[in-house]
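Structure, as structure tokens:
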Amino acid sequence: MQYLIFLTILISAMEPQVIFDFTNDSDLAKWLIVDDVVMGGRSSGGFTVNKDGHGQFAGIVSLENSGGFSSVRYTCGTSQINNATQVVLKIKGDGKDYQFRIKANAGDYYSYIYPFKTSGDWEEVYLPLSDMYPSFRGRKLDQPNFSHHSFEEIAFLIGNKTAEEFELLIDSIELK
Numbered sequence: 812m813q814y815l816i817f818l819t820i821l822i823s824a825m826e827p828q829v830i831f832d833f834t835n836d837s838d839l840a841k842w843l844i845v846d847d848v849v850m851g852g853r854s855s856g857g858f859t860v861n862k863d864g865h866g867q868f869a870g871i872v873s874l875e876n877s878g879g880f881s882s883v884r885y886t887c888g889t890s891q892i893n894n895a896t897q898v899v900l901k902i903k904g905d906g907k908d909y910q911f912r913i914k915a916n917a918g919d920y921y922s923y924i925y926p927f928k929t930s931g932d933w934e935e936v937y938l939p940l941s942d943m944y945p946s947f948r949g950r951k952l953d954q955p956n957f958s959h960h961s962f963e964e965i966a967f968l969i970g971n972k973t974a975e976e977f978e979l980l981i982d983s984i985e986l987k
């Protein structure tokens, strides 16, 4: 009997923990666009669920008025990491560079960041939690990388120092 309990615990520890998969429409209101307009910029991002049921983060990044970024954030309350070591994104990008961001506490002024490049095809992107570094307004902070046991907010950001249109489709976000 103890062996079966151990196997059940082991198998459940190996299963991915879903952070978001776009099947629950009621949680969509927790996704918030934050563009450079908060600092006088002119970028414009949007977030919807497309006809195929994928999150769609899309818009235009403008460099006017010292702008240059668009982001979408999801405040999820306290989510335990358990034994996970990485975030797995199932996405389809546009070949551009993005950042995945995580905050241990939603009220923190800084985020932990992992930059990634999209291929233009559907793909799984693996982001090691221990490689996510703390940053504020584009500057790396002199603090340790992410090592918390929980988080309260995740985000996607595009800010490549170029004026551009962008589209990132998100199927799911998981911890593994």
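Per the numbering used here, the sequence shown starts with residue 812, numbered consecutively. Quick reminder that beta carbons are idealized off the backbone N, C-alpha and C, glycines included.
(message) At the level of alpha carbons, what is the spacing between V872 and E826?
(response) The alpha-carbon atoms of V872 and E826 are separated by roughly 37 angstroms.
(message) Between which two residues does the beta strand (DSSP E) holding P939 run?
(response) Counting along the chain, P939 sits inside the beta strand (DSSP E) bounded by residues W933 to P939.
(request) Could you please give me the residues that DSSP links to G985 through a beta bridge? (result) The amino acid occupying residue 985 in the given sequence is Glu; Gly does not appear at that position. Bridge partners of E985 according to DSSP: V829 and V899.
(message) For P955, count the other beta carbons within 10 Å of its own beta carbon; 16 or more makes it buried, fewer makes it exposed. Which is it?
(response) When all chains shown are included, P955 counts as exposed.
(message) Applying the 10 Å Cβ sphere with the 16-neighbour rule, what's the burial state of P945?
(response) Under this definition P945 is a buried residue.
(request) Would you kindly report the start and end of the unbroken beta strand (DSSP E) that includes K928? (result) Element bounds for K928: S922 to K928.
(request) Below 8 angstroms on the Cβ atoms is my guess for G904 versus G870; work out the distance and round it to an integer in Å. (result) Actually they do not touch by this definition, with Cβ atoms about 14 angstroms apart.
(request) Count the other C-beta atoms from every protein chain shown that fall within 10 angstroms of the C-beta of E783, then say buried if there are 16 or more, exposed otherwise. (result) Absent from the structure is residue 783, since the part of the chain shown begins at 812 and ends at 987.
(message) Counting C-beta neighbours from all protein chains within 10 Å, is the total for K914 16 or more, i.e. buried, or is it exposed?
(response) By the neighbour-count rule (16 or more Cβ atoms within 10 Å), K914 is buried.
(message) Can you tell me whether S877 is buried or exposed? The criterion is at least 16 other CB atoms within 10 Å of its CB, across all chains shown.
(response) Exposed.
(request) Could you tell me the distance, in whole angstroms, from the CA atom of H959 to the CA atom of T886? (result) Each residue's Cα considered, the two are about 16 angstroms apart.
(request) Taking G879 and G852 to be in contact with their CB atoms under 8 angstroms, please state how far apart those CB atoms are, rounded to whole angstroms. (result) Right, the Cβ-Cβ distance comes to about 7 angstroms (below 8 angstroms), so this counts as a contact.
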